[in-house]
Amino acid sequence: MRFRAPNRREILASGVAMLVAAPMPLRAGQSEDARLNTFLDDAFDRLMARSPIRQSRIGVKTQQDRWDDISEAYAIEGAAEARSDLEALKGFNLSRLSHEAAISYRMFAFETRQQLEDFRWRRNNYLVSPMGGIHSTVAVTLQNNHPIETRADAAAYISRLSRVRPLMGQLVVELERQEGAGASLPRFSYDLVISDVENLLRGAPLEAGAADNPIFSDFKTKIADRPWPDSEKAAFIAQAAAALRDDFGPGYRDLLAHLKRAQLRATDDAGVWKLPQGQAYYRYKLEEATTLPETAAALHALGLREMERIHGEMRGVMKDLGHTGSLRDFFEFIRSDPALFYPNDDAGRAQFLSDATALLAEVVAREDEFLLHKPKSPIVVQAVEAWRAKSSPKAFYHHAPPDASRPGIFYINLYDMRAAPKYQLAAELFHEAVPGHHIETMLAYERTGLPKFRRFASIAAYSEGWALYSEGLAKELGLYKDPYQEFGRLSLAAMRAGRLVVDTGIHAMKWTREQATKYFDDNIPGTHYDNLREIDRYIVDPGVATAYYVGMMKILALRTKAKAALGAKFDLRTFHDAVLREGPLPLPMLEGNIDAWIASARS
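Once you know that position 117 of the sequence shown is 116 in numbering that gives the first Met the number 0, the rest is easy, because the numbers rise by one and skip nothing.
Next comes the structure, spelled out in structure tokens:
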């Protein structure tokens, strides 16, 4: 998965002169393309100026001492600006735009309408969950996106710590507003959120005599190698400790108190059918995720068919490995054979990271076999930080900034080594890193000539579809070294097909958490713990899980269409370039682009 905060418009900009307060006037004499691109970049810059957190993700330091305004009033203001942008878009003549600019026009209209739909459903979009929210974004921003290179950087870090209490105060107000409208997390989901918050309240200077708090440790580590006098470093550390004690800690304790009160009032109903206009909301979430008018019933049936097909392939691998009996028997063997897991200790975790790093180097060395263009940004493997490991997904990708000043990160969750089996390592890496998210993300971020909003857009069906397609592409490239690794690929494919079944089951058919987990336990080889964590993701992030399979199937269908149309002229690298070069697109627009590429290649 491509890990982001929940907001669909959580996107990044280039770090060039972006913080403007009002639209720039269009210059007379510009071409229609140039006029449009000026407008689009300005609209994107204004959106980015509203979010210091997003700025930090790409290295812009203008507001790095602040957090986002998450109040209702600010959200209303943002929606009004989006409506104004849509109205301004009508001032451009679509017929006078080039093909490239017309894509940008339609894409901007699509994205802005989605922003307004998100605003409409803001009460139903969970503000905190085990998948994220401002409670975890604060810590992730400080640790991953707030480097300390200068004294001003250190002062800004401390300022951010001191601003946490009012930020959490805003969050509590908005949570109360959401809960008052009838939208609360399921009772069991609170446990994971509460655990993350409690972890951020542990350690010195918030607890006397304890090891350092993860944020305090991060701050101290970042200034340790600065060429400043020891007395100056000590002063900065003392200021950070005071901000953690006086502001950060109290802010998170206020949030913790609210979460515990809210949990007492919550129910165990898992699906969004329980929310205001829940059925309509889920229809919206499915279309948002897939960019297609898919129905819950059709997606549920597709998942069941694909699970049956994948089970057939699994039986073939089981036979190759010399195993007899049922597939369920083989699942039990896979779950229990110690040889298929790393030791659940520091040595086992270190070996996993070492093996993943070696495999990543191997596939990066072969990029020329499937890509015409390669990203400049490197990528590294890293374990999920301990404070959030219990609630985090098993693997995800954290992008590099467009200037490649920091690497992309393939995060792997090593909280429970039984949930990180050896046989799945390869497929997870191919999905999250190369050829998957690192490729599609950074080729877009580094692309020149596109309006910024297109380079940094977030389209789940496109991005997750490409990443799932990449798992199969790796098989074509011979990157799975033995039948167990091939079974790992199939086990993840089964999980993605199963997502279609359980997501729609939970949110449209009123399945319980237990029913959904049992379906996974019966049909995929993951451990019960791993399956439960997956189900908990789908419960709080409805619809998103359906994007993977729908997007992959669209890319495969377009590739089949291109091969049939081009015959001997078909080239895999050129096809991939056609899919990737325009950045993330809704699936209908991607299909239109590939059709245009096919027509051009045939001429």
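We put the beta carbon where it would ideally sit given N, CA and C, even for glycine. In this text, all values refer to a predicted model and were calculated from it rather than measured experimentally.
For residue 109, the enclosing alpha helix (DSSP H) covers residues 98-119. Restricting attention to 70, 104 and 126, the CA atom closest to the CA of residue 451 is found in 104. By the Cβ criterion, the region 547-554 is in contact with the region 449-469, since at least three pairs of Cβ atoms, one from each stretch, lie closer than 8 Å. For residue 197, the closest alpha carbon among the candidates 156, 154 and 135 is that of 135. In the structure shown, residue 142 adopts helical secondary structure according to DSSP, grouped into three states.
If you draw a straight line from the Cα of residue 141 to the Cα of residue 214, it is about 8 Å long. Using a 10 angstroms sphere on the CB of residue 315, the tally of other CB atoms stays under 16, which defines it as exposed. Under DSSP, residue 128 takes part in a beta bridge, and its partners are 131.
Linking residue 496 to residue 159 through their CA atoms gives a straight-line distance of about 42 Å. Pairwise C-beta distances place the region 409-417 out of contact with the region 70-80, as fewer than three of them are shorter than 8 Å. A straight line joining the alpha-carbon of residue 449 with that of residue 588 spans about 16 Å.
Going by DSSP, residue 396 is part of the beta strand (DSSP E) stretching over 394-397.
Taking the Cα of residue 256 as reference, the smallest distance to any Cα among 229, 204 and 192 is reached at 192. A straight-line Cα-Cα distance of about 51 Å links residue 224 and residue 30.
The secondary-structure analysis by DSSP pairs residue 407 across a beta bridge with 378.
In this structure, the straight-line span from the alpha carbon of residue 344 to that of residue 61 is close to 42 Å.
For residue 333, the enclosing alpha helix (DSSP H) has its first and last residue at 326-335. For residue 506, the uninterrupted alpha helix (DSSP H) segment begins and ends at 482-507. For residue 125, the closest of 553, 537 and 445 by C-alpha to C-alpha distance is 537. Scanning 578, 365 and 33 for the CA closest to the CA of residue 97 turns up 33. Shown here for residue 595: not one same chain residue has a beta carbon closer than 6 Å to its own, the five before and five after excluded. In the same chain as residue 209, and ignoring 5 residues on each side of it, the C-beta atoms closer than 6 Å to its own belong to 202 and 203, in chain order.
Straight-line measurement puts the Cα of residue 180 at about 20 Å from the Cα of residue 167. Sixteen is the threshold: since fewer than 16 other Cβ atoms of the shown chains lie within 10 Å of the Cβ of residue 278, the residue is exposed. In this structure residue 290 is buried. Its beta-carbon is surrounded by 16 or more other beta-carbon atoms within 10 angstroms.
When rounded, the separation of the alpha-carbon atoms in residue 320 and residue 432 is 28 Å. Contact between residue 582 and residue 456 holds: CB atoms are separated by about 6 Å, below the 8 Å threshold. Per the coordinates, the alpha-carbon of residue 127 lies some 20 Å from the alpha-carbon of residue 144. Per DSSP, the continuous alpha helix (DSSP H) segment holding residue 441 begins and ends at 436-444. When only Cα atoms are considered, residue 82 and residue 356 end up about 46 Å apart. Residue 183 is classed as buried because its beta carbon has at least 16 other beta carbons within 10 Å across all chains shown. When the beta-carbon positions are compared, residue 470 and residue 429 come within less than 9 Å of each other. The beta carbons of residue 418 and residue 267 sit about 24 Å from each other, so the pair does not count as a contact at 8 Å. Between residue 305 and the set 506, 551, 543 and 335, the nearest pair of CA atoms involves 551. Looking only at 68, 251, 89 and 295, the smallest Cα-Cα distance to residue 509 is reached by 295. Inter-residue distance for residue 68 and residue 403 is about 28 Å (C-alpha atoms, whole angstroms).
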